[in-house]
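Engineer: Numbering (our numbering), first residue to last: 64 to 445.
Glycine residues also receive a C-beta, built at the ideal position from the N, C-alpha and C atoms.
Just so it is clear, the structure is predicted and the values come from calculations on it, not from any experiment.
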Amino acid sequence: MSIEASATFTVMEPETMRRMFTGELGPDRDFFIYSRHFNPTVLNLGRQMAALEGTEAAYCTASGMAAISSVMLQLCSSGGHVVASATLYGVTHFLPRICNITTTFVDITDHEAVKNAIVQGRTNVLFFESMSNPTLTVANIPELSKLAHDKGAMVVVDNTFSPMVLSPARLGADIVVHSISKFISGGADVIAAAVCGPASLLMDLHQGALMLLGPTMNAKVAFELSERIPHLGLRMMEHCRRALEYATKMKKLGVRVVYPGLEDHPQHHLLKSMANKGYGFGGLLCVDMESEEKANRPMHHLQNSSQFGLIAVSLGYYETLMSCSGSSTSSELNSEEKALAGILPGLVRMSIGYTGTLEQKWSQFERAISRMEVDSTLFSKN
Ligand SMILES: *Cc1c(COP(=O)(O)O)cnc(C)c1O
């Protein structure tokens, strides 16, 4: 693939311009007008993302939030209604406040509540994360999709936490959004995203929000990212393998660990029934340390004494990243919203990396733990 670093594209005959603007000649036949709409390199990455999610098309954007806001503004007009999971990525709460689109937040595992919240003829979208941030709740995508479709609502799923592991569009969702900034990039060096779904929604030159709001990705960025998609599967397998291994070992040590790969996770069997075989159960795990103060000490040791991981937000990096969700990525929620979303004050989210051997990294974890006196809050009494 070449890098088509062009803002605009020339045509040989003036007549071609008219035919492009009527939609008769489009990117599917290699006709390009202007890179805010379509660019060959960005479209190439879009095709990879569509193949990844099993959708007809995909459109790449400059950030996850640009993808989500454009999709919402495409599917809802003023006066519209969204039913959304209470565990949604924090910043998503902003949207209803700036335009006349109301949102009802629900517990996505409570299907009766979801059903009641969707109003036939008024609700445009049911929006949730396949695996939620930061609590790692797994959504029943087939049942939720059916529920929404029965009442005429579109289903939008944020699959940022579980690329390869889950394929929401294959399970009934209409649109899948990905923040590419996380696992798909893998380098924690780029902010980017994609919207995967039907071409009629994503590729509408004249009416589409993605064309008109201008969230598009730069061609140079798209080229770099397209080189990383082929090894996403290998990377996810290793993120997931290590997360399961650490979660199992932490549990044995008496650490209160939340991981969908463990039998005791409430949606373990659901995830197993939906997941693509061979990738595992996701690259994130959470440790409940009761309070922010109690969480800060182990995090300090894990980074500064033993180099097990780094204290940072974000996820999907090749090094392990750790953050206390309540005081970082979900800090704009009030305490009531946090309680509804199940975000405990001492919840530490870990995105498991894959540098070094598993044995080396685990010994770094153990070293950090042994540097602290045995803390009865970190270890349950047994
Ligand atoms: C990071 C993230 C986003 C936002 O993506 P950006 O690329 O940072 O704008 C949305 N959803 C989830 C689940 C995320 O983790």
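Give me the Cα-Cα distance between Ala-262 and Leu-396, rounded to the nearest whole angstrom.
Structural biologist: Start at 1 with the first residue of the sequence shown, and residue 262 comes out as number 199. Start at 1 with the first residue of the sequence shown, and residue 396 comes out as number 333. Distance between the alpha carbons of Ala-262 and Leu-396 is about 35 Å.
Engineer: For Asn-163 and Glu-76, what's the separation of their Cα atoms in angstroms?
Structural biologist: The residue labelled residue 163 in the question sits at position 100 within the sequence shown. The residue labelled residue 76 in the question sits at position 13 within the sequence shown. Going by the C-alpha atoms only, they are around 45 Å apart.
Engineer: Please name the residue in Asn-359, Met-352, Cys-387, Leu-347 whose C-alpha comes closest to that of Tyr-380.
Structural biologist: Numbered from its first residue, the sequence shown carries residue 380 at position 317. Nearest option by C-alpha distance: Leu-347.
Engineer: Rounding to the nearest angstrom, what Cα-Cα distance links Val-350 and Phe-95 in this structure?
Structural biologist: Residue 350 sits at position 287 when you count from the first residue of the sequence shown. Residue 95 sits at position 32 when you count from the first residue of the sequence shown. Rounded to whole angstroms, Val-350 to Phe-95 spans 49 Å at the Cα level.
Engineer: Out of Leu-106, Arg-434, Pro-90, state which residue places its alpha-carbon closest to the alpha-carbon of Val-258.
Structural biologist: Taking the sequence shown and counting its residues from 1, the one referred to as residue 258 is at position 195. The shortest Cα separation from Val-258 among Leu-106, Arg-434, Pro-90 belongs to Leu-106.
Engineer: Determine, using beta-carbon pairs with one atom in the stretch 143-152 and one in the stretch 284-295, whether at least three such pairs fall under 8 Å.
Structural biologist: Result no; under three Cβ-Cβ pairs closer than 8 Å.
Engineer: Check for me: the alpha helix (DSSP H) holding Ala-176 runs from which residue to which?
Structural biologist: Here residue 176 is taken as the residue at index 113 of the sequence shown, counted from 1. Looking at the DSSP string, the run of the alpha helix (DSSP H) that includes Ala-176 is 174-180.
Engineer: Could you tell me the alpha carbon to alpha carbon distance between Lys-314 and Lys-340, rounded to whole angstroms?
Structural biologist: The residue labelled residue 314 in the question sits at position 251 within the sequence shown. The residue labelled residue 340 in the question sits at position 277 within the sequence shown. Rounded to whole angstroms, Lys-314 to Lys-340 spans 24 Å at the Cα level.
Engineer: Would DSSP call Cys-303 helix, strand or coil?
Structural biologist: As a working note, residue 303 is residue 240 in the sequence shown. The answer is helix: DSSP assigns Cys-303 an H, G or I state.
Engineer: Considering only C-alpha positions, which residue in the set Gly-249, Ile-171, Ala-310, Met-227 is nearest to Leu-378?
Structural biologist: Start at 1 with the first residue of the sequence shown, and residue 378 comes out as number 315. Leu-378 has its Cα closest to that of Gly-249, out of Gly-249, Ile-171, Ala-310, Met-227.
Engineer: With DSSP as the reference, label Leu-199 as helix, strand or coil.
Structural biologist: Your numbering for residue 199 matches position 136 in the sequence shown. Leu-199: coil per DSSP, three-state reduction.
Engineer: Which residues does DSSP pair with Glu-353 in a beta bridge?
Structural biologist: For the purposes of this step, residue 353 is identified with residue 290 of the sequence shown, where counting begins at 1. According to DSSP, Glu-353 bridges with nothing at all.
Engineer: Give me the Cα-Cα distance between Asn-179 and Arg-360, rounded to the nearest whole angstrom.
Structural biologist: One-based indexing of the sequence shown puts residue 179 at position 116. One-based indexing of the sequence shown puts residue 360 at position 297. Cα to Cα, Asn-179 sits roughly 43 Å from Arg-360.
Engineer: Please classify Phe-101 as buried or exposed, where buried requires at least 16 neighbouring CB atoms within 10 angstroms.
Structural biologist: Walking along the sequence shown from the start, residue 101 turns up at place 38. Flag for Phe-101 reads buried.
Engineer: Is Ile-238 helix, strand or coil when you go by DSSP?
Structural biologist: The residue labelled residue 238 in the question sits at position 175 within the sequence shown. The answer is strand: DSSP assigns Ile-238 an E or B state.
Engineer: Could you tell me whether any non-hydrogen atom of ligand 1 is closer than 8 Å to the CB of Glu-192?
Structural biologist: The residue you call residue 192 lines up with position 129 of the sequence shown. It does: the Cβ of Glu-192 is within 8 Å (strictly closer) of some heavy atom of ligand 1.
Engineer: Can you find at least 3 beta carbon pairs, one from the stretch 301-308 and one from the stretch 83-97, that sit closer than 8 Å?
Structural biologist: They do not touch, by the three-pair rule.
Engineer: How many angstroms separate the CA atom of Ala-232 from the CA atom of Val-220?
Structural biologist: Start at 1 with the first residue of the sequence shown, and residue 232 comes out as number 169. Start at 1 with the first residue of the sequence shown, and residue 220 comes out as number 157. Distance between the alpha carbons of Ala-232 and Val-220: 8 Å.
Engineer: Would a C-beta distance cut-off of 9 Å place Ile-171 and Val-240 closer than the cut-off?
Structural biologist: Within the sequence shown, residue 171 is the residue found at index 108, counting from 1. Within the sequence shown, residue 240 is the residue found at index 177, counting from 1. No.
Engineer: Here's the rule I'm using: 16 or more other beta-carbon atoms within 10 Å means buried, otherwise exposed. How should Leu-297 be labelled?
Structural biologist: Taking the sequence shown and counting its residues from 1, one reaches residue 297 at position 234. Leu-297 comes out exposed.
Engineer: Can you check whether the CB of Asn-222 is closer than 9 Å to the CB of Leu-151?
Structural biologist: Taking the first residue of the sequence shown as 1, we reach residue 151 at position 88. Taking the first residue of the sequence shown as 1, we reach residue 222 at position 159. The answer is no: Cβ separation not under 9 Å.
Engineer: Within 8 Å: the Cβ of Ile-131 and any heavy atom of ligand 1?
Structural biologist: Against the sequence shown, residue 131 aligns to sequence position 68. Within the cutoff, so yes.
Engineer: In its own chain, which residues sit with a C-beta less than 7 Å from the C-beta of Gln-427, not counting the 5 before and 5 after it?
Structural biologist: As a position in the sequence shown, residue 427 is number 364, starting the count at 1. Cβ within range, chain order: Ser-369, Gln-370, Phe-371.
Engineer: Confirm, please, whether the CB-CB distance from Asp-237 to Met-217 is below 9 Å.
Structural biologist: Here residue 217 corresponds to residue number 154 of the sequence shown, with the count starting at 1. Here residue 237 corresponds to residue number 174 of the sequence shown, with the count starting at 1. Yes; because the gap between Cβ atoms is below 9 Å, this pair is in contact.
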